[in-house]
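Undergrad: Protein chains in written order, with the working numbering: chain X, 1 to 118; chain Z, 1 to 114. Even glycine gets a Cβ: it sits at the ideal position worked out from N, Cα and C. Submitted below is the structure of interest, expressed as structure tokens.
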Amino acid sequence: DTAVSQTPKYLVTQMGNDKSIKCEQNLGHDTMYWYKQDSKKFLKIMFSYNNKELIINETVPNRFSPKSPDKAHLNLHINSLELGDSAVYFCASSQGAGTSGPVSETQYFGPGTRLLVL
Amino acid sequence: AQTVTQSQPEMSVQEAETVTLSCTYDTSESDYYLFWYKQPPSRQMILVIRQEAYKQQNATENRFSVNFQKAAKSFSLKISDSQLGDAAMYFCAYGSYYGQNFVFGPGTRLSVLP
Numbered sequence: 001d002t003a004v005s006q007t008p009k010y011l012v013t014q015m016g017n018d019k020s021i022k023c024e025q026n027l028g029h030d031t032m033y034w035y036k037q038d039s040k041k042f043l044k045i046m047f048s049y050n051n052k053e054l055i056i057n058e059t060v061p062n063r064f065s066p067k068s069p070d071k072a073h074l075n076l077h078i079n080s081l082e083l084g085d086s087a088v089y090f091c092a093s094s095q096g097a098g099t100s101g102p103v104s105e106t107q108y109f110g111p112g113t114r115l116l117v118l
Numbered sequence: 001a002q003t004v005t006q007s008q009p010e011m012s013v014q015e016a017e018t019v020t021l022s023c024t025y026d027t028s029e030s031d032y033y034l035f036w037y038k039q040p041p042s043r044q045m046i047l048v049i050r051q052e053a054y055k056q057q058n059a060t061e062n063r064f065s066v067n068f069q070k071a072a073k074s075f076s077l078k079i080s081d082s083q084l085g086d087a088a089m090y091f092c093a094y095g096s097y098y099g100q101n102f103v104f105g106p107g108t109r110l111s112v113l114p
């Protein structure tokens, strides 16, 4: 059973397109995250949602919009894709965060989605 | 804002030997968590070890142990009896106690030589 899953695994698209990456966790966690890992392997948090509410929103272009239909899903929608958006995007989840209490557990990561913008 | 520094971009170790990866961080918070994650070529991020800042005892997990020096804001990872499967990128990470911030270091690429 996959704890944190992402689809698609690979995404190749043209500049200017709009695309979405889906993330689902079956761990019953309260908090989900999106990270971007660039070509130099630097991993940076983009968003964090706790019980469907945004609690971390780092400085990312507003072309990136996370959507959380329920606690188990956090999808990432990207408008007007640019060359610089090419990276590996990781979804993660953890139990507890934000105003609901301390970060009690580790983040569990999905397998990543490699996005290539041509 | 918190920062995490890993001063060794690359390290290598002979199989069965011991290696220590360095990590320092900067924060004004008193309660937080520190993590080491491993990323093998498969890209999957795998938790190696976790330390709560309020605990003085260093965390250990089989062949992996940490040297946590809170005053010095240092959190090094020691891998004993290195195995070929330990070859990967290792990321040190900081997490605020209430989850407001989560920051990764730039990573250290570890090679294990047979």
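Please state the DSSP three-state secondary structure of M46 (chain X).
TA: It is a strand residue.
Undergrad: Taking the alpha-carbon of Y90 (chain Z) as reference, which of Z:S80, Z:P106, Z:V66 and Z:T18 has the nearest alpha-carbon?
TA: With distances taken between Cα atoms, Y90 (chain Z) lies closest to Z:P106.
Undergrad: Straight-line CA distance for V117 (chain X) to L34 (chain Z)?
TA: Taking the straight line from one Cα to the other gives about 34 Å.
Undergrad: Classify P40 (chain Z): buried if its beta carbon has 16 or more other beta carbons within 10 angstroms, exposed otherwise.
TA: By the 10 Å Cβ count, P40 (chain Z) comes out exposed.
Undergrad: When you compare the segment 43-53 of chain Z with the segment 2-15 of chain Z, are there three or more beta-carbon pairs, one atom per stretch, that lie closer than 8 Å?
TA: No, the segment 43-53 of chain Z does not touch the segment 2-15 of chain Z.
Undergrad: Residue range of the beta strand (DSSP E) that A53 (chain Z) falls in?
TA: Run containing A53 (chain Z): none; DSSP gives neither H nor E here.
Undergrad: Please classify L118 (chain X): does DSSP put it in a helix, a strand, or coil?
TA: The answer is coil: DSSP assigns L118 (chain X) none of H, G, I, E or B.
Undergrad: Starting from F35 (chain Z), find everything on chain X with Cβ-Cβ shorter than 7 Å and list it in chain order.
TA: Here the neighbours are T106.
Undergrad: The beta strand (DSSP E) that contains K31 (chain Z), what's its start and end?
TA: Here residue 31 (chain Z) is Asp; the residue named in the question, Lys, does not match the sequence. Looking at the DSSP string, D31 (chain Z) is not in any beta strand (DSSP E), and its letter there is neither H nor E.
Undergrad: Note down the Cα distance separating P114 (chain Z) from I79 (chain Z), rounded to an integer number of angstroms.
TA: Cα-Cα distance, rounded: 16 Å.
Undergrad: I want to verify the contact list: residues of chain Z whose CB lies under 8 Å from the CB of V88 (chain X), in sequence order.
TA: The answer, in chain order, is R43.
Undergrad: Looking at chain X, is there any beta carbon in it that lies within less than 7 Å of the beta carbon of F75 (chain Z)?
TA: Chain X contact via Cβ: absent.
Undergrad: Mind pulling the chain X residues with CB within less than 9 Å of R63 (chain Z)?
TA: Chain X residues near R63 (chain Z): none, gap ~18 Å exceeds 9 Å.
Undergrad: Using a Cβ-Cβ distance under 7 Å, would D16 (chain X) count as near chain Z?
TA: Per the sequence shown, the amino acid found at residue 16 (chain X) is Gly instead of Asp. Taking Cβ atoms only, chain Z never reaches closer than 7 Å to G16 (chain X), which makes this a no.
Undergrad: What do you get for S80 (chain X), buried or exposed, if any count of 16 or more other CB atoms within 10 angstroms of its CB means buried?
TA: It is exposed - the Cβ of S80 (chain X) has fewer than 16 other Cβ atoms within 10 Å.
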